[in-house]
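Offset between the sequence shown (1-based) and my numbering: plus 12. Read through the structure below, which is laid out as structure tokens, and then see the notes.
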Amino acid sequence: MSVRGIAEGFELPDPSVPDIEGVIFRREQGGLFGRTRSYVALGEFSGPYGLLLALIERDELDVRRVPLAGFADEFLRYFAEIPDDRLETLSSFVSVAAQLIVLKSRALLPRPIAAAPDLVNDLDVEDEADTLRIRLLRYRVFRDAARVLGDRLMQPLWYREPPTRQLPGPKAAPVEPAVPIKSDPKRLLRAMVRIALRRKPLAALSAAPVGMKISIGERLSAIREAVRLNGVAGVDLETLLGDRQDRSFIAVTFLALLELSKRRGGVVRQDALWGPITILQGVSE
């Protein structure tokens, strides 16, 4: 790895390392308790997140070649498509992505140049990369232990087989024979009369006049006939209504008058405001 000095006592690693192309996330069956797990394919590598970090910790994969932007973009696309275990998948990715950012930033940012080997031994500085590798090793131990426990849980070791002998079913409740009941029709009639007498009489319905049904066509014909009989003088609306006071008759007459005016079968005239309305003969279409 070529380096170049940027300041006194510091060196900068050469960042011109080509990124690995083709980041793909997928889901496969075979996780703990038979659940699906998330896998990542990065170049020639294909496996879970923990294995990716294990390769980086053993220096078998250069962390500087891992495209973090493409890594994050592909995960967001994959995360939008998974139907379940979204919280667990997101937490695992955030943990792995944070560790990758730490490793890659340490590999790309300037670091101090040791003046002499004995000076390096004197400095009691904790290497965060080594600490991260230790954490990954511990994570691997717990991961492998969880897989072993999951395999044992799937085997018939911690539970007993149900007995093959069939237990007798519950006894059926005894059914008593039906006893015929002797009935008297007269007693039934008297009981019905007593029940009928206890019921309150229905309220009498109030008598209301039922108006005659009048159609617009009938009133339209009546208006035309009245206009024809009166000739040039025409006929006023009050004459058409006569002594009728029911609203339905008045409304139908008014609608028929509007229909007559629409068809140009008559001329409707009102000389003054609130004055009488006169219907004269017109020219039919």
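Think of the CB as a built atom: it goes at the ideal place given N, C-alpha and C, for glycine as much as any other residue.
So, using beta-carbon positions, are residue i and residue j closer together than 8 Å?
| i | j | result |
| --- | --- | --- |
| I291 | V247 | yes |
| A109 | A84 | yes |
| I228 | L267 | yes |
| V239 | G278 | yes |
| R226 | S273 | Just to set this straight, residue 226 is Ile in the shown sequence, not Arg. Result no, Cβ atoms of I226 and S273 do not sit closer than 8 Å. |
| K116 | V153 | no |
Quick check on the DSSP output: the beta strand (DSSP E) that includes residue i runs from which residue to which?
| i | result |
| --- | --- |
| L292 | T290 to Q293 |
| R281 | G278 to R281 |
For residue i, count the other beta carbons within 10 Å of its own beta carbon; 16 or more makes it buried, fewer makes it exposed. Which is it?
| i | result |
| --- | --- |
| A203 | exposed |
| R231 | buried |
| I235 | buried |
| L269 | buried |
Please list the terminal residues of the continuous alpha helix (DSSP H) segment that includes residue i.
| i | result |
| --- | --- |
| V205 | P197 to R210 |
| L269 | R259 to K274 |
| R236 | I228 to N242 |
| L253 | L249 to L253 |
Report all residues from its chain with a CB closer than 6 Å to the CB of residue i; omit the five preceding and five following residues, and keep chain order.
| i | result |
| --- | --- |
| L249 | I289 |
| R199 | none |
| R281 | T290 |
| T143 | none |
Residue i to residue j, Cα distance in whole Å?
| i | j | result |
| --- | --- | --- |
| A81 | L161 | 36 Å |
| Q167 | P189 | 54 Å |
| L149 | P182 | 58 Å |
| R211 | P197 | 22 Å |
| R118 | Q111 | 11 Å |
| L165 | R155 | 15 Å |
| F87 | E93 | 10 Å |
| P213 | D258 | 34 Å |
| W7 | L241 | Nothing about residue 7 can be reported from this structure: the residues present for the chain run from 13 to 297 only. |
| I113 | R145 | 14 Å |
For residue i, which residues from the same chain have a beta carbon less than 7 Å from its beta carbon, with the 5 sequence-adjacent residues on both sides left out?
| i | result |
| --- | --- |
| G294 | R276, G277, G278 and V279 |
Within its chain, find whatever has a CB closer than 8 Å to the CB of residue i; leave out the 5 residues flanking it on each side and keep chain order.
| i | result |
| --- | --- |
| T251 | A238 |
| I262 | L253 and R256 |
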